[in-house]
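Notes for the one structure printed next.
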Amino acid sequence: MEETRKFNYTLNLKLQTDRIFFGPGVVELLQLISKTGSLNTAAKKMGMSYNKAWRIIKKAEEEYGSPLVIKSVGGNKGGGSTVTEDGEKLTAQFLYFQKKTYQITNQLFNEIFFEGTSNELN
1 MEETRKFNYT
11 LNLKLQTDRI
21 FFGPGVVELL
31 QLISKTGSLN
41 TAAKKMGMSY
51 NKAWRIIKKA
61 EEEYGSPLVI
71 KSVGGNKGGG
81 STVTEDGEKL
91 TAQFLYFQKK
101 TYQITNQLFN
111 EIFFEGTSNE
121 LN
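Residue numbers for the sequence shown follow the UniProt record's numbering, beginning at 1 and rising by one.
This is the structure we're talking about:
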């Protein structure tokens with residue numbers, strides 16, 4: 001009797017030019033900025049300093065070639081941060097790319113490892 005194997009795979013998607021600049025961490029940071037209106041609050045929720053979060057955003061902006069976040073300074077209500085239209089679009093594109101990649105990869109993984117098509121490898 002054949003034993004059922006219980007294993008899976010991992011897939012880590014990131015966008016890059018000469019260097020990696022956009023992935024799940026940046027997506028989470030941008031989503032939290034959109035939700036909270038604050039880079040500082042978003043950074044704290046992710047367990048990182050404001051400066052580190054700002055460096056991550058700046059690196060992504062440099063590599064992508066467009067602002068992803070706009071900061072506003074002080075005033076009566078204090079400052080805040082807003083994700084730009086380009087930031088929202090890039091996030092949506094990445095999440096869609098990730099979803100479609102996982103759908104295709106799951107299908108191939110199951111076919112190759114669990115449905116017997118590995119015989120075609122020879």
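Think of the CB as a built atom: it goes at the ideal place given N, C-alpha and C, for glycine as much as any other residue.
Exposed or buried, what is residue i when buried is set at 16 or more other beta-carbons lying within 10 Å of its beta-carbon?
i	result
Val73	exposed
Leu11	exposed
Met1	In this predicted model, Met1 has a pLDDT of only 44, less than 50, meaning its place in the structure is not dependable enough to derive any value.
I need the straight-line Cα distance from residue i to residue j, nearest angstrom please.
i	j	result
Leu68	Gly37	13 Å
Leu29	Asn8	27 Å
Glu85	Arg55	20 Å
Lys6	Phe113	11 Å
Gln103	Lys89	21 Å
Glu115	Gly87	40 Å
Thr101	Lys58	27 Å
Ile20	Phe109	26 Å
Asn106	Gln93	20 Å
Glu111	Met48	40 Å
Could you check whether residue j and residue i sit closer than 7 Å to each other, using their CB atoms as the reference points?
i	j	result
Thr91	Glu63	no
Gly23	Lys35	no
Val26	Ala60	yes
Checking the sheet assignment: what are the DSSP bridge partners for residue i?
i	result
residue 202	Since the first residue of the chain shown is 1 and the last is 122, residue 202 is not available in this structure.
Ile20	Gln16
Leaving aside the five residues before and after residue i along the sequence, list all residues of the same chain whose C-beta is less than 7 Å from its C-beta, in chain order.
i	result
Ile33	Leu39, Ala42, Val69, Ser81, Val83
Gln98	Leu13
Tyr50	Leu39, Asn40, Ala43
Leaving aside the five residues before and after residue i along the sequence, list all residues of the same chain whose C-beta is less than 8 Å from its C-beta, in chain order.
i	result
Lys45	Leu32, Thr36
Leu95	Val27
Gly65	none
For residue i, collect the residues of the same chain with a Cβ closer than 6 Å to its Cβ; drop the 5 residues on either side in sequence, then sort them by chain order.
i	result
Gly79	Ser72, Val73
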